[in-house]
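Peer 1: Line by line, the protein sequences are chains W, D, Y and H.
FYI, numbering that gives the first Met the number 0 numbers position 156 of the first sequence as 155, with every residue one higher than the one before it.
FYI, numbering that gives the first Met the number 0 numbers position 107 of the second sequence as 106, with every residue one higher than the one before it.
FYI, numbering that gives the first Met the number 0 numbers position 155 of the third sequence as 154, with every residue one higher than the one before it.
FYI, numbering that gives the first Met the number 0 numbers position 12 of the fourth sequence as 11, with every residue one higher than the one before it.
Every residue gets a Cβ at the ideal spot worked out from N, C-alpha and C, and that includes glycine.
Given the structure is predicted, the values throughout are model-derived calculations rather than measurements.
Number of protein chains: 4
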Amino acid sequence: MGFSDAIIAIVITLLVLDLRPPDAEPGELLPALLSEWPTYLAYAGSYVYLAVIWLNHKAAFTRIREMDRGLQWANLGILATLALVPWPTAVIAETARSGNLTDERVAVALYSLVGALLCSSWLVFFHYLARHPELTREEVDDSYFAYERPRALVGIVLYLVAGAVGVLVHPLIASAVFLILPVFYGLTSHGRDHEARPTSRP
Amino acid sequence: MGFSDAIIAIVITLLVLDLRPPDAEPGELLPALLSEWPTYLAYAGSYVYLAVIWLNHKAAFTRIREMDRGLQWANLGILATLALVPWPTAVIAETARSGNLTDERVAVALYSLVGALLCSSWLVFFHYLARHPELTREEVDDSYFAYERPRALVGIVLYLVAGAVGVLVHPLIASAVFLILPVFYGLTSHGRDHEARPTSRP
Amino acid sequence: MGFSDAIIAIVITLLVLDLRPPDAEPGELLPALLSEWPTYLAYAGSYVYLAVIWLNHKAAFTRIREMDRGLQWANLGILATLALVPWPTAVIAETARSGNLTDERVAVALYSLVGALLCSSWLVFFHYLARHPELTREEVDDSYFAYERPRALVGIVLYLVAGAVGVLVHPLIASAVFLILPVFYGLTSHGRDHEARPTSRP
Amino acid sequence: MGFSDAIIAIVITLLVLDLRPPDAEPGELLPALLSEWPTYLAYAGSYVYLAVIWLNHKAAFTRIREMDRGLQWANLGILATLALVPWPTAVIAETARSGNLTDERVAVALYSLVGALLCSSWLVFFHYLARHPELTREEVDDSYFAYERPRALVGIVLYLVAGAVGVLVHPLIASAVFLILPVFYGLTSHGRDHEARPTSRP
Chain W
0 MGFSDAIIAI VITLLVLDLR PPDAEPGELL PALLSEWPTY LAYAGSYVYL AVIWLNHKAA
60 FTRIREMDRG LQWANLGILA TLALVPWPTA VIAETARSGN LTDERVAVAL YSLVGALLCS
120 SWLVFFHYLA RHPELTREEV DDSYFAYERP RALVGIVLYL VAGAVGVLVH PLIASAVFLI
180 LPVFYGLTSH GRDHEARPTS RP
Chain D
0 MGFSDAIIAI VITLLVLDLR PPDAEPGELL PALLSEWPTY LAYAGSYVYL AVIWLNHKAA
60 FTRIREMDRG LQWANLGILA TLALVPWPTA VIAETARSGN LTDERVAVAL YSLVGALLCS
120 SWLVFFHYLA RHPELTREEV DDSYFAYERP RALVGIVLYL VAGAVGVLVH PLIASAVFLI
180 LPVFYGLTSH GRDHEARPTS RP
Chain Y
0 MGFSDAIIAI VITLLVLDLR PPDAEPGELL PALLSEWPTY LAYAGSYVYL AVIWLNHKAA
60 FTRIREMDRG LQWANLGILA TLALVPWPTA VIAETARSGN LTDERVAVAL YSLVGALLCS
120 SWLVFFHYLA RHPELTREEV DDSYFAYERP RALVGIVLYL VAGAVGVLVH PLIASAVFLI
180 LPVFYGLTSH GRDHEARPTS RP
Chain H
0 MGFSDAIIAI VITLLVLDLR PPDAEPGELL PALLSEWPTY LAYAGSYVYL AVIWLNHKAA
60 FTRIREMDRG LQWANLGILA TLALVPWPTA VIAETARSGN LTDERVAVAL YSLVGALLCS
120 SWLVFFHYLA RHPELTREEV DDSYFAYERP RALVGIVLYL VAGAVGVLVH PLIASAVFLI
180 LPVFYGLTSH GRDHEARPTS RP
C-alpha cells in the first residue's frame with residue numbers, strides 16, 4: 000500500500016502546481032486572480048475526485064489479504080489512469096478561460112474518455128478479485144467484489160454519456176456531471192460501508 | 000498517517016521548486032540572486048508554517064485510535080488547505096518584487112483567506128473529534144479536542160484581522176503577522192505537550 | 000524499502016507532468032491533442048517500464064534479509080539510473096514530433112545508453128547479492144541471485160544492439176525494441192515466480 | 000522516519016527535473032545534448048551528496064530511541080537545508096554553461112554557504128543528541144554523538160574555505176572540492192560503521 004499511497008499523494012499534490020502567481024500588469028493582480036476561477040474549480044473538483052478514489056482504494060485493500068502478479072498489474076492499471084486525471088482537468092480549465100466552444104467540446108470528450116478509462120481499470124480490478132477469492136480476507140463475503148463490478152460499469156457508461164451530451168448539446172452539462180459523479184461515488188461507497196465499524200488505524 | 004505524511008512532505012518540498020537559477024545577464028548573477036530575497040523569506044516562512052502544521056498533525060494523530068469516514072474527510076480538508084499555502088506565499092513574494100502597493104494588498108488578502116480556511120479545516124477536525132470520543136485513545140482526556148477548538152477559532156480571527164489591517168493600513172504589517180503566527184502556534188503547542196513524555200518513535 | 004518505493008513512485012508520477020494542455024490556437028485543440036501522440040506512447044511505455052522495474056525490485060527485496068553499506072549503494076545505483084528513464088523517453092517523444100532523422104538516431108542512442116546503464120546497475124546489484132549470501136533470507140537458494148546476473152547481462156547487450164541498429168538502420172526499430180523489452184522482462188520475471196505462492200501483503 | 004525519508008526521496012528525484020529535452024534546431028540534438036554536460040555532472044554530484052546524507056541520516060536514526068520536540072526541530076533543520084542543495088547546484092551548472100567568471104565565483108560562494116549551512120544543521124542535531132542521551136538507544140555509547148560533532152564542524156570550515164578559494168583563486172577548485180567532499184564523508188562514515196553488523200531491514 001505504501002507505493003499506491005505515495006502515488007495518489009503525489010498526484011493529488013501536483014494539482015497545486017497549477018496554482019501560480021498570475022502574470023499580471025502592475026496593479027492588475029486582483030482581476031488576474033479572479034479570472035483564474037476555472038483553475039480553482041478544477042483544483043477543488045480534482046481533489047475531491049482523487050480523495051474519493053483514495054478512500055475507495057483503501058476500502059478495497061482492507062479486504063485484500065495477499066497480492067499476486069495479476070492483482071499487482073490490475074492495481075498498477077488503476078494508478079496509471081488516476082494519474083491522468085489532472086491532465087484533462089487542466090485542459091477543461093484552459094478552454095474555460097479561452098472560451099472557444101469547439102475546444103470546450105474536445106476538452107469534455109477527453110475528460111469523459113479518461114473517466115471511462117479509470118472506471119474500466121476499476122472494473123478489471125474488481126473482476127480479478129471476484130475471480131480470485133483466495134486473495135481476499137476470510138471475513139470478506141465471496142460476492143463482495145462481484146457486486147462492486149456493476150458500479151464500475153455504470154461509471155463507464157455515465158462518463159461516456161456525459162461526454163456525448165457535452166459534445167452534442169453543451170460542454171457545461173458534461174463539466175457539471177464530472178464534478179457531481181465523484182461526490183455520488185463517495186456517498187454511495189459510504190452507504191455500503193456504514194454498517195461496518197471503522198477499522199483503519201491512523 | 001503514511002498518506003498525510005507523504006502529502007505534507009511533498010508540499011514542503013515543492014517550495015524549493017521556486018528557488019531557481021535567476022535569469023540574469025552575464026556578470027549580473029549576484030544582484031539577481033540578491034533581488035530574490037522575498038522568495039528566500041517566503042521559503043523560510045512557508046517551511047516553518049508547514050513544519051508546525053506537520054508537528055501539530057502528528058501530535059493530534061498520536062491521540063487518535065481509529066478513523067471513520069467523517070474523520071477521513073476532515074483530515075482530507077486539512078490536507079487540501081495546507082497544500083494551498085505555497086500559492087499565496089508565492090503571490091506575496093511576487094508582489095514584493097514588483098512593489099505595486101495595490102497588488103500587495105490583494106496578495107495579503109489572499110493569504111489571510113487561505114490562512115483562515117486552513118484554521119477552519121482544523122476547527123472542523125477538532126470539532127469532529129470532540130463529538131466522537133470513541134475515535135480517540137482511551138488515555139486521552141475527553142475534553143482534549145474540545146479545548147483545541149478555541150485555538151483554531153482564534154487563528155481564523157487573527158488571519159482575517161491581519162488581512163484587513165494589511166488591506167486598510169499597510170501590507171507589510173500583515174506579512175509580519177503571517178510570519179509570526181505559525182511560530183506562536185508552534186510554541187504554544189509545545190507548551191501543551193511539554194509535560195508529556197516523548198512517545199513518537201523515529 | 001520505503002525510500003526506494005517513494006523514489007520509484009515519484010519518478011513514475013513525474014511522467015504525467017509532460018501531459019499538459021497544449022498551446023493551440025482557439026478551435027485547434029483537437030489537432031493539437033492528436034499531434035501529441037508520441038508523448039502518450041512515451042507515457043505508456045515509460046509507465047510499463049518503471050512498473051516492471053518496481054515489481055522486480057520488490058521481488059528481489061522479498062528475498063533480502065539485511066542490507067549492508069555495499070548493498071545500499073548498489074540499490075542507490077539502480078534508483079539513480081531508473082530516475083533517468085523519463086529523460087531519454089521525453090527526448091525520443093520530442094524528436095518524433097519534430098521528425099528530424101538525425102535527431103531521432105541521437106535520441107535512440109541516448110535511450111539505449113540509459114537502458115544499458117540501468118541493466119548494468121542491476122548486474123552490480125545481483126552480483127553483490129550472489130557474493131554475499133549472508134544478506135539473503137535463509138529459504139532463498141544461494142544460486143538465486145547468481146542466476147539473475149545473465150538476465151541483466153543480456154539486457155545490456157540487447158539495449159546496446161537495439162541502439163546500434165537504431166542508429167545504423169532506422170530509429171523506429173530501436174523504439175519498438177525499447178517498448179517490447181520491458182514487457183518481455185515483466186513476463187519472464189513472472190515465469191520465474193509463478194510456482195511461488197503470493198507472499199506480499201497489501 | 001517516513002516523513003524524512005519521503006522528503007529526501009522527493010529532493011533526490013526532483014534533480015532529474017533539470018534533465019529535459021534540449022531546445023535545439025533540427026539536426027542539432029547531439030551537440031545540444033553534449034553541451035549540457037554541466038547538468039549531468041551536477042546531477043551525479045547532487046545525487047551522491049544527497050545519498051550520503053540519507054545514509055548518514057539513517058545511520059543516526061538507528062541509534063535514536065525517541066524524539067522530543069527539540070529533536071524534531073533539529074531534524075526539520077537538516078531537511079530544510081538539504082532541500083536547498085539542488086538550487087546552488089543548478090546555479091553552478093547554469094554558470095558553467097554561460098562561462099562568465101564573475102558569475103561562477105558567485106555560484107561557488109552560494110554553494111559553499113548552503114554546504115556550510117547544511118553542516119551547521121548537522122552540528123545542531125548531533126549537539127542536541129549529545130546533550131540528551133535519554134533519546135538514544137541503550138546500546139549506543141553516550142559519547143557517540145559528541146564525537147560526531149567535530150566532523151560536522153570540519154565540514155562547515157571546509158565548505159567555507161573551498162568557497163573562499165573559489166572566489167579568490169578559481170571557481171573550478173571549489174567545484175572539485177564540492178564533488179569530492181560528500182564522497183569523503185560517505186567513506187569515513189562507512190569506516191566508522193564497518194565493525195557493526197548490518198542491522199537495517201529492507
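Does the Cβ-Cβ distance between W:Gly-165 and W:Ala-92 come in under 8 Å?
Peer 2: Here residue 165 of chain W refers to the residue found at position 166 when the first sequence is read from its first residue. Here residue 92 of chain W refers to the residue found at position 93 when the first sequence is read from its first residue. Going by C-beta atoms, W:Gly-165 is not nearer than 8 Å to W:Ala-92.
Peer 1: Would you kindly work out how many angstroms separate the C-alpha atoms of D:Tyr-184 and D:Val-153, rounded to a whole number?
Peer 2: Working through the second sequence from its first residue, we reach residue 184 of chain D at position 185. Working through the second sequence from its first residue, we reach residue 153 of chain D at position 154. When rounded, the distance between both Cα atoms is 11 Å.
Peer 1: Less than 6 Å between C-beta atoms, sequence neighbours within five positions excluded: which residues of the same chain meet that for D:Thr-38?
Peer 2: Walking along the second sequence from the start, residue 38 of chain D turns up at place 39. Cβ within range, chain order: Asp-17, Ala-92.
Peer 1: Leaving out five residues before and five after Y:Arg-148 in sequence, what residues of the same chain have Cβ atoms less than 7 Å from its Cβ?
Peer 2: In the third sequence, counting from the first residue as 1, residue 148 of chain Y sits at position 149. Answer for Y:Arg-148: Leu-122, Phe-125, His-126, Ala-129, listed in chain order.
Peer 1: Helix, strand or coil, according to DSSP, for D:Thr-12 in the structure here?
Peer 2: The sequence position of residue 12 of chain D within the second sequence is 13, counting from 1. The answer is helix: DSSP assigns D:Thr-12 an H, G or I state.
Peer 1: For H:Val-105, which option in H:Leu-167, H:Leu-116, H:Pro-30, H:Arg-68 has the closest C-alpha, if you only look at C-alpha atoms?
Peer 2: As a first step, residue 105 of chain H must be located in the fourth sequence, where it is residue number 106. Residue H:Leu-167 is the option with its Cα nearest to H:Val-105.
Peer 1: Pick out whichever of D:Arg-19, D:Ser-111, D:Leu-81, D:Tyr-46 has its Cα sitting closest to the Cα of D:Leu-33.
Peer 2: Locating residue 33 of chain D in the second sequence gives position 34, counting from the first residue. Closest option to D:Leu-33, Cα to Cα, is D:Arg-19.
Peer 1: Residues of the segment 40-58 of chain D in Cβ contact with chain W at a cutoff of 9 Å, in chain order, please.
Peer 2: Correct list: empty, as no residue qualifies.
Peer 1: Please list, in chain order, the chain Y residues whose beta carbon lies closer than 8 Å to that of H:Val-15.
Peer 2: Your numbering for residue 15 of chain H matches position 16 in the fourth sequence. In chain order: Val-10, Leu-13, Ala-82, Leu-83, Pro-85, Trp-86.
Peer 1: List, in order along the chain, the chain D residues whose C-beta lies closer than 9 Å to that of H:Ile-6?
Peer 2: The residue you call residue 6 of chain H lines up with position 7 of the fourth sequence. Under the 9 Å cutoff, chain D gives Ala-8, Ile-9, Ile-11, Thr-12.
Peer 1: So with CB distances below 7 Å, who are the chain Y contacts of H:Pro-20?
Peer 2: On the fourth sequence, residue 20 of chain H is found 21 positions in, with the first residue counted as 1. In chain order: Ala-89, Val-90, Glu-93.
Peer 1: Counting only Cβ pairs nearer than 7 Å, list the residues of chain H close to Y:Leu-75.
Peer 2: In the third sequence, counting from the first residue as 1, residue 75 of chain Y sits at position 76. Going along chain H in sequence order, the residues near Y:Leu-75 (Cβ under 7 Å) are Ala-50.
Peer 1: If I measure Cβ to Cβ from Y:Ala-159 and keep anything under 7 Å in the same chain, skipping five residues before and after, which residues do I get?
Peer 2: The residue you call residue 159 of chain Y lines up with position 160 of the third sequence. Contrary to the premise, residue 159 of chain Y reads as Leu rather than Ala in this sequence. Here the set comprises Ser-111, Ala-115.
Peer 1: Taking buried to mean at least 16 other C-beta atoms within 10 Å of its own C-beta, is Y:Pro-181 buried or exposed?
Peer 2: Stepping through the third sequence from its first residue, residue 181 of chain Y is reached at position 182. With 16 or more other Cβ atoms within 10 Å, it is buried.
Peer 1: Looking at the structure shown, is H:Thr-61 part of a helix, part of a strand, or coil, going by DSSP?
Peer 2: Your numbering for residue 61 of chain H matches position 62 in the fourth sequence. H:Thr-61 falls in the coil class under three-state DSSP.
Peer 1: Residues of chain H with a CB under 7 Å from the CB of Y:Thr-101: which are they?
Peer 2: Here residue 101 of chain Y is taken as the residue at index 102 of the third sequence, counted from 1. Under the 7 Å cutoff, chain H gives Gly-26.
Peer 1: Taking its Cβ as the centre, do 16 or more other Cβ atoms sit within 10 Å of W:Tyr-146, making it buried, or is it exposed?
Peer 2: Sequence index remark: in the first sequence, residue 146 of chain W carries index 147 (1-based). Exposed is the call here.
Peer 1: CB-CB under 8 Å to H:His-131, same chain, minus the five flanking residues each way: which ones, in chain order?
Peer 2: For the purposes of this step, residue 131 of chain H is identified with residue 132 of the fourth sequence, where counting begins at 1. Cβ within range, chain order: Asp-67, Gly-69, Leu-70.
Peer 1: Who pairs with H:Thr-135 in a beta bridge, going by DSSP?
Peer 2: One-based indexing of the fourth sequence puts residue 135 of chain H at position 136. H:Thr-135 is bridged to H:Ile-63.
Peer 1: Applying the criterion that 16 or more other CB atoms from any shown protein chain within 10 Å of the CB defines a buried residue, is H:Val-156 buried or exposed?
Peer 2: Position 157 of the fourth sequence, counted from the start, is the residue given in the question as residue 156 of chain H. The residue in question, H:Val-156, is exposed, as its Cβ has fewer than 16 Cβ neighbours within 10 Å.
Peer 1: Just tell me which of W:Leu-134, W:His-169, W:Thr-12, W:Ala-173 has its CA closest to the CA of W:Glu-61.
Peer 2: Within the first sequence, residue 61 of chain W is the residue found at index 62, counting from 1. According to the sequence displayed, residue 61 of chain W carries Thr and not Glu. Cα-wise, what sits closest to W:Thr-61 is W:Leu-134.
Peer 1: Is DSSP giving Y:Glu-103 helix, strand or coil here?
Peer 2: Working through the third sequence from its first residue, we reach residue 103 of chain Y at position 104. Y:Glu-103: helix per DSSP, three-state reduction.
Peer 1: DSSP state of Y:Glu-93, grouped into three classes?
Peer 2: The residue you call residue 93 of chain Y lines up with position 94 of the third sequence. The answer is helix: DSSP assigns Y:Glu-93 an H, G or I state.
Peer 1: Enumerated in chain order, which unbroken segments of the alpha helix (DSSP H) with a length of 4 residues or greater are wholly contained in the segment 113-187 of chain H?
Peer 2: As far as the segment 113-187 of chain H is concerned, its whole alpha helix (DSSP H) runs of at least 4 residues are 143-167.
Peer 1: Step through the CB atoms of chain A and report whether any lies within less than 8 Å of the CB of W:Tyr-42.
Peer 2: Here chain A cannot be found, since the structure's protein chains are W, D, Y and H.
Peer 1: List, in chain order, every chain D residue whose beta-carbon is nearer than 7 Å to that of W:Gly-1.
Peer 2: Position 2 of the first sequence holds residue 1 of chain W. Gly-1, listed in chain order.
Peer 1: Looking at C-alpha atoms only, which residue of W:Thr-12, W:Ser-45, W:Cys-118, W:Ser-174 is the closest neighbour of D:Trp-86?
Peer 2: Counted from its first residue, the second sequence places residue 86 of chain D at position 87. Considering only alpha carbons, the answer is W:Thr-12.
Peer 1: Nearest-angstrom Cα distance between H:Trp-53 and Y:Ser-119?
Peer 2: To locate residue 53 of chain H, count along the fourth sequence from 1; it is residue 54. To locate residue 119 of chain Y, count along the third sequence from 1; it is residue 120. Distance between the alpha carbons of H:Trp-53 and Y:Ser-119 is about 23 Å.
Peer 1: On a CA-only basis, which of H:Trp-72, H:Asp-140, H:Gly-162 is nearest H:Val-113? Give me that one, please.
Peer 2: Within the fourth sequence, numbered from 1, the residue matching residue 113 of chain H stands at position 114. Closest by alpha carbon: H:Gly-162.
Peer 1: So which of H:Glu-35, H:Val-10, H:Trp-72 has the shortest CA-CA distance to H:Tyr-48?
Peer 2: Your numbering for residue 48 of chain H matches position 49 in the fourth sequence. Answer by Cα proximity: H:Val-10.
Peer 1: Does the Cβ-Cβ distance between Y:Tyr-46 and Y:Leu-83 come in under 8 Å?
Peer 2: Indexing the third sequence from 1 puts residue 46 of chain Y at position 47. Indexing the third sequence from 1 puts residue 83 of chain Y at position 84. Cβ distance not < 8 Å, so Y:Tyr-46 and Y:Leu-83 don't count as in contact.
Peer 1: In three-state DSSP terms, what is Y:Asp-17?
Peer 2: Residue numbering aside, residue 17 of chain Y sits at position 18 when the third sequence is read from its first letter. Helix.
Peer 1: Under the assumption that W:Leu-178 contacts W:Gly-44 (Cβ atoms under 8 Å), give the Cβ distance between them as a whole number of angstroms.
Peer 2: In the first sequence, the residue the question calls residue 178 of chain W occupies position 179. In the first sequence, the residue the question calls residue 44 of chain W occupies position 45. Sure, about 5 Å apart at Cβ, within 8 Å.
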